[in-house]
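To keep things clear, I will list the structure first and then write my remarks on it.
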Amino acid sequence: MSFPHKHLIDLSEYSADDISLILDVAERFREVNERRIKKVPTLKGFTVVNMFNEPSTRTRSSFEIAEKRLSCDTLNFGGSSTSTVKGESLLDTVRTLCSYKIDLIVVRDKHAGVPHQVARASGVHVIDAGDGKHQHPTQALLDLYTIRKRFGSIEGLTVGIVGDIGHSRVCGSLIPALKTMGAKVVVVGPPTLMPARPDLLGADEVRFSLDEALPQLDVVYMLRIQRERLEGAPFPSLREYNRLFGLTREREHLLRPDAIVCHPGPINRGVELDDYMADHVERSAILDQVYAGVLVRMASLYLLLGGNEHGADA
Ligand code: CP
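One gets the numbering used here by counting positions in the sequence shown from 1 and adding 185 to each.
Structure representation (structure tokens):
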């Protein structure tokens, strides 16, 4: 059976079966990534454009590695080196690139909704690599992969997402995906970093005290304080934020014995997490998340470009 989606833009359109298939295919690509020669000819002949109009370390590098390991041809493109600085619209840029008979565009942009516009203008497959405050679906998939790998299943877990909920595109994808997979979701943060209607996020609970929330959590998912998106002064200082909402060594006694710590990166050390929790050998899953980024991006490219559950390990 072929994959029932053309794009990976809105994860709330994906069923539990769709998400499980991506995670299962990612697991098969893990085996490829643990070989000495980490490359398969699976997507040879396909051309993928990586259009990053906003800075990225993890998402951009892991897409590039995923594409190379699947033998795609790639074009890395975007930002201030393109003719958009001369006044060309983004959509004319997209139409220009499509003249090269490309197959898929990976797009990151600071404006919400750009991946949908790119999909309409291009007609090719599109993966949203993060758009404004809206969605970041491959981040959510790598988070789900990491959580499933640690606990064996996502269903029945309680996941706390902590911090800058209101500016978070990670929340935009992760909350609906966790709900689809049967987890309970608790959002935690100061009222000034919550959206006006936190109930619309789809979380099961909203809490304003980290200390009260921690004992119930299997996964403590710390969000980055997005200094580039903050308006006004939502908290008195970063030090004060860390005192009330930072996951620190002093708070470890509040964690469940097997609770894990996640963060999408980049980390503001000393703000969301201290060094002790960020680098905790048993609890921190942060570098596992980064590695999972390659696996789920390989799986997403493969399935969108016509692959199925058979043949992921060619
Ligand atoms: N998590 C994430 O999207 O990181 P980058 O901005 O480095 O890609």
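Where a beta carbon is used, it is the ideal one built from N, C-alpha and C, also for glycine.
Looking at the DSSP output, R454 shares a beta bridge with L458. Proximity to K369 across L386, V481 and R354 peaks at L386, based on C-alpha coordinates.
Short of 7 Å from the beta carbon of V292, and not among the five residues preceding or following it, lie these beta carbons of its own chain, in chain order: M236, V299, P300, V303, V311, D313 and A314. For K334, the enclosing alpha helix (DSSP H) stretches over residues P322 to F336. Inclusion of V233 and T259 in the CB contact set at 8 Å is warranted, their separation being smaller than that value.
Residue side-chain check: G341 keeps its Cβ at 7 Å or more from all non-hydrogen atoms of the ligand CP.
A check of alpha carbon separations from E252 across L289, G264 and E239 identifies L289 as the nearest.
In the DSSP assignment, H310 falls within the unbroken beta strand (DSSP E) covering H310 to D316. Residue side-chain check: T244 places its Cβ nearer than 7 Å to a non-hydrogen atom of the ligand CP. Comparing alpha-carbon positions, the option among H352, D316 and D328 lying closest to E239 turns out to be D316. Annotation for D460: R454 place their beta carbon closer than 7 Å to its own, counting only its chain and skipping 5 residues before and after.
In the structure shown, S256 adopts coil according to DSSP, grouped into three states. In the structure shown, the three-state DSSP call for S469 is strand. In chain order, L228, F231 and V233 place their CB closer than 6 Å to the CB of C257, counting only its own chain and leaving out the 5 sequence neighbours on each side. DSSP links G345 through a beta bridge to V371 and V405. With fewer than 16 other CB atoms across the displayed protein chains lying within 10 angstroms of its CB, D443 is exposed.
DSSP places E390 in the uninterrupted beta strand (DSSP E) bounded by E390 to R392. Listed in chain order, the non-local C-beta contacts of D396 below 8 Å within the same chain comprise R436 and L439, local neighbours out to five positions each way being set aside. With respect to A470, I452 sits apart: the two C-beta atoms are not nearer than 8 Å. Taking 7 Å as the cut-off, the C-beta of P449 counts as close to a heavy atom of the ligand CP. Rounded to the nearest whole angstrom, the CA to CA distance from E390 to V372 is 6 Å.
Taking the C-beta atoms as reference points, A484 is found nearer than 8 Å to F214.
By the criterion of a C-beta distance shorter than 7 Å, R245 is surrounded in its chain by N235 and F237, once the five residues flanking it on both sides are discounted. Around the beta-carbon of D328, 16 or more other beta-carbon atoms lie within 10 Å, marking it buried. A straight-line Cα-Cα distance of about 32 Å links G357 and K223.
A direct Cα-Cα distance of roughly 37 Å separates E249 from R441. The C-beta of S247 has 16 or more other C-beta atoms within 10 Å across all chains shown, which makes the residue buried.
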